[in-house]
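Enquirer: Sharing a structure below in structure tokens format, with a few things to ask.
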Amino acid sequence: ALFVHKYGNSGVALEDAIPIALSYFLSTVTMIYTQHLSSELPEPSIDLKYAGVALFLMGIGGNFYHHYILATLREKGEKAYKIPRGGLFNQVICPHYLFEVLGFVGVSCIAQTLYSLSFTAGTALYLLGRSYATRKWYLSKFEDFPENVKAMIPFIF
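To convert, note that position 88 of the sequence shown is 122 in our numbering; the numbers rise steadily by one, no gaps.
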């Protein structure tokens, strides 16, 4: 299947996904429009487009890979929560967030605008908060959750 997100019967995750997706869509439209408005400004002195494309592709690939691990964590019909293993899950509990931020850093390098940089910073702060809460949840639910597994940034946070 193309989509790797799985939502429970409660619908709570879907209720979160709709405003988040709408936010990303509107932010993308705003970013494209501000790019158009700044088309008459001089080009940045350093071209970061190729580095940005590489970072974006690494971010998308890493995000997809870790979402795939999460999507295949449980057997069909299984309801119990598990501690994810594999990829960077041995280092951080939310590697998919780390790679999502990396993708946005790539977009910021490609766009080289204050808007894209501020959007990336806002996304990073939001996902840092979410990853912190996720780590706290795992620590409260699993006695065997490894203390050395950080929230989003390996060895740091």
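Note that CB positions come from ideal geometry on N, CA and C, so glycine has one too.
1) Only counting runs of 4 or more residues, tell me where the alpha helix (DSSP H) segments fall wholly within the stretch 115 to 171, in order along the chain.
2) Within 8 Å of any Cβ in chain D, is that where the Cβ of P78 sits?
3) Excluding sequence positions up to five away, which residues of its chain have a Cβ less than 6 Å from the Cβ of A88?
4) What are the boundary residues of the alpha helix (DSSP H) that G86 is part of?
5) Roughly how many angstroms separate the alpha carbons of L173 and R108, rounded to a whole number?
6) Just the Cα atoms here: how many angstroms apart are L159 and E74?
7) Please name the residue, chosen from P118, S79, V141, that lies closest to P180 on a Cα-to-Cα basis.
8) Roughly how many angstroms lie between the CA atoms of I187 and H70, to the nearest whole one?
9) Excluding the 5 residues flanking Y149 on each side, which residues of the same chain have their C-beta closer than 6 Å to its C-beta?
10) Going by C-alpha to C-alpha distance, which of S72, G137, V63, L60 sits closest to F98?
11) Suppose you measure from the CA of L122 to the CA of L151; what does that come to, to the nearest Å?
12) Using CA atoms only, rank isn't needed, just tell me which of F176, A51, G93 is closest to L132.
13) Decide if L91 is buried, meaning its Cβ has at least 16 other Cβ atoms within 10 Å, or exposed.
Expert: Taking the structure as given:
1) 129 to 145
2) Given the protein chain composition of this structure (a single chain), no chain D is represented.
3) Closer than 6 Å at Cβ, skipping near neighbours: no residue.
4) 83 to 105
5) 19 Å
6) 31 Å
7) P118
8) 34 Å
9) M65, T68
10) G137
11) 25 Å
12) G93
13) exposed
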